[in-house]
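One rule links them: number in the working numbering = place in the sequence shown (from 1) + 17.
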Amino acid sequence: MAAWVKQYDLDGIDVDYEDLNAFDAGDGKAGAWLISFTKQLRIQLPQEDTYLITHAPVAPWFSPPKWRGGGYLKIHSSVGSLIDWYNIQFYNLKSSAVNIFSRILIPESNKCRGGIRVYHMYRPSCHVFHMASDSCSANC
Numbered sequence: 018m019a020a021w022v023k024q025y026d027l028d029g030i031d032v033d034y035e036d037l038n039a040f041d042a043g044d045g046k047a048g049a050w051l052i053s054f055t056k057q058l059r060i061q062l063p064q065e066d067t068y069l070i071t072h073a074p075v076a077p078w079f080s081p082p083k084w085r086g087g088g089y090l091k092i093h094s095s096v097g098s099l100i101d102w103y104n105i106q107f108y109n110l111k112s113s114a115v116n117i118f119s120r121i122l123i124p125e126s127n128k129c130r131g132g133i134r135v136y137h138m139y140r141p142s143c144h145v146f147h148m149a150s151d152s153c154s155a156n157c
């Protein structure tokens, strides 16, 4: 994949892991694979060369009590510094789930919280065009 990014002069890769059954198994294997995959991508696509690596997890994977393998919080603690941002998927959830995970992940300022940079699709003041003017530091 990294060779393909370089061959076609792309900006980077968005990791949209969709093996829900593997992740939902809760044994940590899916998370371990994502950690290993992200490390290898970053070796091949270095940040200093301005390559981007983003992840697009579903919001519940950030819920610590539900995932015995640590969920995306474990992934973030292991390789979060290698991930440029998260495109968290809220769109397949019930509205109550969106509200719950919005409170957990998104501070009122729409800036950084706990090292996780989040842009919320349901807040009109925070979308892709505002990412460039985000006041989060690079070390969010």
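C-beta atoms are modelled at their ideal positions from N, C-alpha and C, and glycine is treated no differently. Given the structure is predicted, the values throughout are model-derived calculations rather than measurements.
Handout entry: CA-to-CA distance, Gly43 to Leu27, given in whole angstroms
Key = Distance between the alpha carbons of Leu27 and Gly43: 34 Å.
Problem - Classification of Thr55 by the beta-carbon crowding that lies within 10 angstroms, buried from 16 upward - result: The residue in question, Thr55, is buried, as its Cβ has 16 or more Cβ neighbours within 10 Å.
Problem - CA-to-CA distance, Gln64 to Trp78, given in whole angstroms - result: Approximately 25 Å, taken between the alpha carbons.
Practice task
Enumerate in chain order the residues of its own chain whose CB-to-CB distance from His147 is below 7 Å, with the five nearest sequence positions on each side excluded.
Solution key: Confidence at His147 is low in this model, with a pLDDT of 43, below 50, so its placement is unreliable and the value that follows should be read with caution. Cβ neighbours of His147 beyond the five flanking positions: none.
Handout entry: Span of the alpha helix (DSSP H) around Gly29
Key = Element bounds for Gly29: not the alpha helix (DSSP H) but the beta strand (DSSP E), Gly29 to Val32.
Handout entry: Rounded separation between Ala73 and Asp31 - CA only
Key = If you draw a straight line from the Cα of Ala73 to the Cα of Asp31, it is about 7 Å long.
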